[in-house]
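Novice: Below is a structure I'd like to ask you about.
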């Protein structure tokens, strides 16, 4: 039996923004549809309407040519429309089993059987009786998917499903999605990642600023054409300028660095050695969870090590905290923008002041010099083209891209000698990614150095002068970026050897 | 010798009796908090329950109506809290504190004409059996129906939370109201029900004090038991069985320190009076210090206001 889902003239208006402007789309089962757009284009609003979480101001939805009135997620579920949300909709303290049965009326015994057979069918293996808290992002997503599958859905909506997955988990997800599609489930796949659209979708609808820009078949599209539609302008691609004169002046040296953690969820680092010269960018590749966050924390001073294991300008700084390291002109951009880099409930200018307690004139004798901070914050907002000029705005209302621009801008206040970034473009849209990349290249051109820890291989190849791979807490040999290919990196990231 | 054993049995029974209001109020508050709502109005709801129960008993001369009425009074006053925090989205802490102050003042006003009136004897069950078995007799028999209910309640609460669908929904709402709402659970409704249930149990706890434990109305007669019940919920790490243990320790030390005071030991009275509070907290902290279990049983959304997307 085939399923036909039609969205007709759907409009949703929030104060100050039209999230969906008269959108009409049609979907047929057996295909995977991409809904492509930058952050804030209105994709999530549209699928929230489809799944009954919010109600449209205008327009209708038809399932198999019958009008569908969706007043709550329960209505959507009754009509076999299920959704895996971008931010997991799981209950961390409940067990996997309890998470799966929460909205079902069947007996626990029946459900356990059903879940087991579903998991066998799709080759998922997860212990049902552990709390969700302890699981990896990939496993959590599988739970969400199983929760949908046990209701045998006809429409499955996936909202940005790969943003928290490793490459291996992503490819597992893709093969599952293809399997579901072959079984006749209509799949709507929301993303801003062009490569993913090209590799698994059949048709693509592009949204921009609340409007539907185009609907087309994947075979008629290329990454470049989709990117232009999505951003609405011709994107210039950022290319790395390789400076000819290479500096030999060493800036930071890590020697014989070891770290062993008591927490079983952390990775131990084994004998890490590297150095970075002035004006250089060292890229550190790897699948997430191989010791990157531990390495970042040691470099930033969140974890303290032996003083001699980190030499900065020949000063032993391994035992200094982040504040003290900043005085040596180091700067940091951590992975989690909302949790580690900024305080979301605080205003922009307050966040700007946070990393500059000493080396700036933001504070006079213990009092906050609000005027100076605000002036400086305004300058950051305009210099780094953050899309607001209101320094009183709470940081939580900035989109990921704008927040990242603000953070990089803040870190560059002290004109640091070394900037250490961890996944600086994670979850950002193409425009913001390009902007961040250009900024990082500029830093290098000014003879400042960068350590770039990233899980995005393309980004590393584009920005780095030297690249190495971290695998299970060990660093590979350091290679010149020109002789590295993404294939080579892939082998090293999987724990293989290259000759 | 048999007299001694019987005395200990009677002592234990009196300890159990003094812990009944704590068990009732704390079990009710536990359900409320498990759904993510922090209601600091326990003391206020208890005292309203106490005066309503007593007043109804005097007016109607019917203990059944008095008990049911006290629970209804708890439900009504907690519904004010529910309306404010769930429908008008006010802050849980401030609203709960206001509820306590309101309850104490209101009960004093309502109770003016009931001060000094003697209560009525509350019927006890299996009274004739209490003499038949030494030691266990006084512990097991000759108590009010509320007493028996209180000692079954923690187990029922545990079963409800762990084994029933509604209990699972309560825990889910407390863990992540946003996820629950996206799964189609009516978060506001679940929270309302939990608040009202908490109110009913606090009302019953108050009525136990004014109808059974010390059958009379005295202004401010809950004397901080509501706050102890709140502390029990937190220090038991939201575990109903540990509430039972905590309430027994509190009741036990309260009774024992009274006996010690009567013996005229040279320990300052103030210290003895403070002892139950200190010991209960120390014991509960010690039995609940597994940080992993704390993380698993603490309702993550406790005290946070939930806004539904529209």
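Residue numbers (this note's numbering), protein chains in the order written: chain Y, 1 to 499; chain R, 500 to 809.
Here a beta-carbon is modelled for each residue, glycine too, at the ideal position from N, C-alpha and C.
For clarity, every value in this text was computed on a predicted model and none was experimentally measured.
Do residue 691/R and residue 573/R have their C-beta atoms within less than 7 Å of each other?
Specialist: Residue numbering aside, residue 691/R sits at position 192 when the second chain is read from its first letter. Residue numbering aside, residue 573/R sits at position 74 when the second chain is read from its first letter. Contact: no.
Novice: What residues match up with residue 58/Y in a beta bridge as DSSP calls it?
Specialist: Along the first chain, one-based indexing puts residue 58/Y at 58. Answer by DSSP bridge pairing, in chain order: 11/Y.
Novice: Have a look at 182/Y, 88/Y, 56/Y, 127/Y and flag the residue whose alpha-carbon is nearest the alpha-carbon of residue 97/Y.
Specialist: Working through the first chain from its first residue, we reach residue 97/Y at position 97. Measuring C-alpha to C-alpha distances from residue 97/Y to each of 182/Y, 88/Y, 56/Y, 127/Y identifies 127/Y as the nearest.
Novice: From residue 627/R to residue 557/R, what does the alpha carbon distance come to, in whole angstroms?
Specialist: Reading the second chain from its first residue, position 128 is the one you call residue 627/R. Reading the second chain from its first residue, position 58 is the one you call residue 557/R. C-alpha separation (whole angstroms): 28 Å.
Novice: For residue 611/R, count neighbouring C-beta atoms within 10 Å of its own C-beta (all shown protein chains included) and say buried if the count is 16 or more, exposed if not.
Specialist: Walking along the second chain from the start, residue 611/R turns up at place 112. Classification of residue 611/R: exposed, given that the 10 Å Cβ count is below 16.
Novice: What whole-angstrom Cβ distance do residue 552/R and residue 705/R have, given they're in contact under 8 Å?
Specialist: As a working mapping, residue 552/R is identified with position 53 in the second chain. As a working mapping, residue 705/R is identified with position 206 in the second chain. For a cut-off of 8 Å, the C-beta gap from residue 552/R to residue 705/R is around 7 Å, short enough to register as a contact.
Novice: Given that a residue counts as buried once 16 or more other Cβ atoms are within 10 Å of its Cβ, and exposed if not, what is residue 758/R?
Specialist: In the second chain, residue 758/R corresponds to position 259, counting from 1. With fewer than 16 other Cβ atoms within 10 Å, it is exposed.
Novice: What residue range is occupied by the uninterrupted beta strand (DSSP E) comprising residue 156/Y?
Specialist: On the first chain, position 156 is the one that residue 156/Y refers to. Looking at the DSSP string, the run of the beta strand (DSSP E) that includes residue 156/Y is 155 to 159.
Novice: Kindly give me the distance between the Cβ atoms of residue 276/Y and residue 117/Y, rounded to whole angstroms, as I take these residues to be in contact under 8 Å.
Specialist: Counting from 1 along the first chain, the entry for residue 276/Y is found at position 276. Counting from 1 along the first chain, the entry for residue 117/Y is found at position 117. For a cut-off of 8 Å, the C-beta gap from residue 276/Y to residue 117/Y is around 53 Å, too long to register as a contact.
Novice: When burial is assigned at 16 or more other CB atoms within 10 Å of the CB, is residue 603/R buried or exposed?
Specialist: Mapped onto the second chain, residue 603/R falls at position 104. Buried, because 16 or more other Cβ atoms sit within 10 Å of the Cβ of residue 603/R.
Novice: When the distance is taken between beta carbons, is residue 795/R closer than 7 Å to residue 93/Y?
Specialist: Translated into the one-based positions of the first chain, residue 93/Y becomes position 93. Translated into the one-based positions of the second chain, residue 795/R becomes position 296. In this structure, residue 93/Y places its C-beta atom within 7 Å of the C-beta atom of residue 795/R.
Novice: Step through the CB atoms of chain R and report whether any lies within less than 7 Å of the CB of residue 93/Y.
Specialist: What you label residue 93/Y is simply residue 93 of the first chain in a count that begins at 1. Chain R, which has a Cβ nearer than 7 Å to the Cβ of residue 93/Y, makes this yes.
Novice: Taking 8 Å as the limit between beta carbons, can you name the residues of its chain near residue 497/R, skipping five residues before and five after?
Specialist: Nothing about residue 497/R can be reported from this structure: the residues present for chain R run from 500 to 809 only.
Novice: Output yes if chain Y places a C-beta closer than 7 Å to the C-beta of residue 682/R; else output no.
Specialist: On the second chain, position 183 is the one that residue 682/R refers to. So, interface residue.
Novice: Could you name the residues of the same chain whose beta carbon sits closer than 6 Å to that of residue 709/R, not counting the 5 residues immediately before and after it, in chain order?
Specialist: Numbered from its first residue, the second chain carries residue 709/R at position 210. Excluding sequence neighbours, residue 709/R sits near 549, 552, 553, 716.
Novice: I'd like to know whether the C-beta atoms of residue 190/Y and residue 66/Y end up nearer to each other than 7 Å.
Specialist: Sequence index remark: in the first chain, residue 190/Y carries index 190 (1-based). Sequence index remark: in the first chain, residue 66/Y carries index 66 (1-based). Residue 190/Y places its beta carbon 7 Å or farther from that of residue 66/Y.
Novice: Note down, in chain order, every chain Y residue with its Cβ under 8 Å from the Cβ of residue 674/R.
Specialist: Within the second chain, numbered from 1, the residue matching residue 674/R stands at position 175. Correct list: 91, 92, 93, 94.
Novice: Can you tell me whether residue 664/R is buried or exposed, with buried defined as 16 or more other CB within 10 angstroms of its CB?
Specialist: To locate residue 664/R, count along the second chain from 1; it is residue 165. Under this definition residue 664/R is an exposed residue.
Novice: Taking C-beta pairs closer than 7 Å, name the residues in chain R that residue 85/Y reaches, listed in chain order.
Specialist: In the first chain, the residue the question calls residue 85/Y occupies position 85. Those within 7 Å of residue 85/Y in chain R are 681.
Novice: Which residues, taken in chain order from the stretch 131 to 159 of chain Y, show a beta carbon closer than 8 Å to some beta carbon of chain R?
Specialist: 131, 133
Novice: What residue from 625/R, 622/R, 629/R, 515/R has the CA that sits closest to residue 745/R's CA?
Specialist: What you label residue 745/R is simply residue 246 of the second chain in a count that begins at 1. Checking every option, the nearest Cα to that of residue 745/R belongs to 515/R.
Novice: Around the Cβ of residue 392/Y, are there at least 16 other Cβ atoms within 10 angstroms (buried) or fewer (exposed)?
Specialist: As a working note, residue 392/Y is residue 392 in the first chain. With fewer than 16 other Cβ atoms within 10 Å, it is exposed.
Novice: Is the separation between the beta-carbon of residue 99/Y and that of residue 132/Y shorter than 7 Å?
Specialist: In the first chain, residue 99/Y corresponds to position 99, counting from 1. In the first chain, residue 132/Y corresponds to position 132, counting from 1. The answer is yes: Cβ separation under 7 Å.
Novice: Taking only three categories from DSSP, how would you classify residue 445/Y?
Specialist: Residue mapping note: residue 445/Y aligns to position 445 of the first chain, counting from 1. When secondary structure is reduced to three states using DSSP, residue 445/Y falls in the helix class.
Novice: With distances taken Cα to Cα, identify the nearest neighbour of residue 30/Y among 252/Y, 19/Y, 179/Y.
Specialist: What you label residue 30/Y is simply residue 30 of the first chain in a count that begins at 1. For the set 252/Y, 19/Y, 179/Y, the Cα lying nearest the Cα of residue 30/Y is the one of 179/Y.
Novice: Under 7 Å between C-beta atoms, does residue 678/R make it to chain Y?
Specialist: Locating residue 678/R in the second chain gives position 179, where the first residue counts as 1. Output row for residue 678/R: interface = yes.
Novice: Give the interface partners of residue 98/Y over in chain R, defined as CB-CB distance under 7 Å, in chain order.
Specialist: Along the first chain, one-based indexing puts residue 98/Y at 98. Result: 667.
Novice: Out of 15/Y, 83/Y, 11/Y, point me to the one whose CA is closest to residue 21/Y's CA.
Specialist: Within the first chain, residue 21/Y is the residue found at index 21, counting from 1. Ranking the options by Cα distance to residue 21/Y, first place goes to 11/Y.
Novice: In the DSSP output, which residue or residues are listed as bridge partners for residue 17/Y?
Specialist: Locating residue 17/Y in the first chain gives position 17, where the first residue counts as 1. For residue 17/Y, which the question treats as bridged, DSSP gives the partners 14/Y.
Novice: Residue 15/Y: buried (16+ other C-beta within 10 angstroms of its C-beta) or exposed?
Specialist: In the first chain, the residue the question calls residue 15/Y occupies position 15. Looking at its Cβ environment, which holds fewer than 16 other Cβ atoms inside 10 Å, residue 15/Y is exposed.
Novice: Flag residue 213/Y as yes if its beta-carbon sits less than 7 Å from any beta-carbon of chain R, otherwise no.
Specialist: For this step, residue 213/Y is matched to residue 213 along the first chain. Judged by the 7 Å Cβ criterion, residue 213/Y is not in contact with chain R.
Novice: With residue 256/Y as the anchor, note down where its beta strand (DSSP E) starts and where it stops.
Specialist: Residue numbering aside, residue 256/Y sits at position 256 when the first chain is read from its first letter. Unbroken beta strand (DSSP E) run through residue 256/Y: 250 to 259.
Novice: Check this for me: beta carbons of residue 533/R and residue 662/R, under 7 Å apart or not?
Specialist: Translated into positions along the second chain, residue 533/R becomes position 34. Translated into positions along the second chain, residue 662/R becomes position 163. No, Cβ-Cβ distance for residue 533/R and residue 662/R is not below 7 Å.
Novice: If you measure from the beta carbon of residue 103/Y to each beta carbon in chain R, is any gap under 7 Å?
Specialist: Counting from one through the first chain, the residue named residue 103/Y turns up at place 103. Taking Cβ atoms only, chain R reaches closer than 7 Å to residue 103/Y, which makes this a yes.
Novice: For the alpha helix (DSSP H) that residue 324/Y lies in, which residues bound it at each end?
Specialist: Working through the first chain from its first residue, we reach residue 324/Y at position 324. Residues 322 to 327.
Novice: Would residue 542/R and residue 599/R qualify as a contact pair, given that the criterion is a beta-carbon distance under 7 Å?
Specialist: One-based indexing of the second chain puts residue 542/R at position 43. One-based indexing of the second chain puts residue 599/R at position 100. If you check the CB distance, residue 542/R and residue 599/R come in under 7 Å.
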